[in-house]
Amino acid sequence: MRSRILLLVSACSFSLSILSAQDLPKTTRLLRFPTSNDKEIVFCYAGELYTVGKDGGIARRLTSGPGYTSFPRFSPDGKQVAFTSEYDGNREVYVMPAEGGTPKRLTISATLGRDDVSDRMGPNNIVMAWQNTKPLVVFRSRMKSFNDFIGSLFTVGLDAELPQQVPVPRGGFTSFSPDDSKMAFNRVFREFRTWKHYRGGMADDIWIHDFKTGSTDNLTNNPAQDICPMWGPDNKIYFISDR
-8 MRSRILLLVS
2 ACSFSLSILS
12 AQDLPKTTRL
22 LRFPTSNDKE
32 IVFCYAGELY
42 TVGKDGGIAR
52 RLTSGPGYTS
62 FPRFSPDGKQ
72 VAFTSEYDGN
82 REVYVMPAEG
92 GTPKRLTISA
102 TLGRDDVSDR
112 MGPNNIVMAW
122 QNTKPLVVFR
132 SRMKSFNDFI
142 GSLFTVGLDA
152 ELPQQVPVPR
162 GGFTSFSPDD
172 SKMAFNRVFR
182 EFRTWKHYRG
192 GMADDIWIHD
202 FKTGSTDNLT
212 NNPAQDICPM
222 WGPDNKIYFI
232 SDR
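Under our numbering, the very last position in the sequence shown is 234; numbers go up by exactly one each time.
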């Protein structure tokens, strides 16, 4: 008798869980990597890019095709969007008009398996930013790294010329001063790892590199995780921290 009661309770619980799942609202979830030009917001959802007005509304799809597309970044004038995608197999850097259109491939890299590294170490050829005074896209890549877990920052122009390495040995999230004379950046990239409240040697700080003097200084020097520096128009640097 007891086993029958338990079986009945289990069956009812299972039925309720099915009904509960069916009754869930059909809402869009996990919108990632937003970027804005003060009028529109471009974001990643389910491996594609979408755009929506800053005041909200119905989002319009910008990209389609094979592979995963992510890390959109508006150009300083708001007219173009650079992003990372897998259209041709490798993860590469692309650019397209902000209103949509045919993507143009900017990088051609022999990744030699670097795209196969666990995404906990971060995807390869991630678009990080644009420079403010030049039409240059800044991205993080392992193309010249002896260690597949370490990435460096590179710039590439809209004519798809050879990428040029930014003169710091390694880098992650980055943002440039309004005149591009300085760069705020993370030396370590841990965005996709599962360590919460980590306080070890790979915890990120915010660093400042001065392109005129060649000096690099630790701005935050804190045992917590300080990431995503954003150089504001007020010449202040904003960042995210788990202090």
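All C-beta atoms, glycine included, are put in the ideal place defined by N, C-alpha and C.
Given the structure is predicted, the values throughout are model-derived calculations rather than measurements.
- Distances from the alpha-carbon of N212 to those of K227, G192, I49, D225 put G192 closest.
- Assignment of E152 by DSSP, reduced to helix, strand and coil, places it in the coil class.
- For K173, the enclosing beta strand (DSSP E) starts and ends at 173 to 176.
- Here E77 is actually not in contact with P63; their C-beta atoms are around 14 Å apart, not less than 8 Å.
- In this structure V86 is not in contact with L153, their Cβ atoms being roughly 16 Å apart against a cut-off of 8 Å.
- Taken atom to atom, the span from the alpha-carbon of K30 to that of R51 is near 14 Å.
- Around the beta-carbon of F34, 16 or more other beta-carbon atoms lie within 10 Å, marking it buried.
- As a beta-bridge residue in DSSP terms, K95 pairs with V86.
- Secondary structure note for S61: its beta strand (DSSP E) is the uninterrupted segment 61 to 65.
- In this structure I32 is buried. Its beta-carbon is surrounded by 16 or more other beta-carbon atoms within 10 angstroms.
- At a Cβ-Cβ threshold of 9 Å, N138 and T75 do not count as neighbours.
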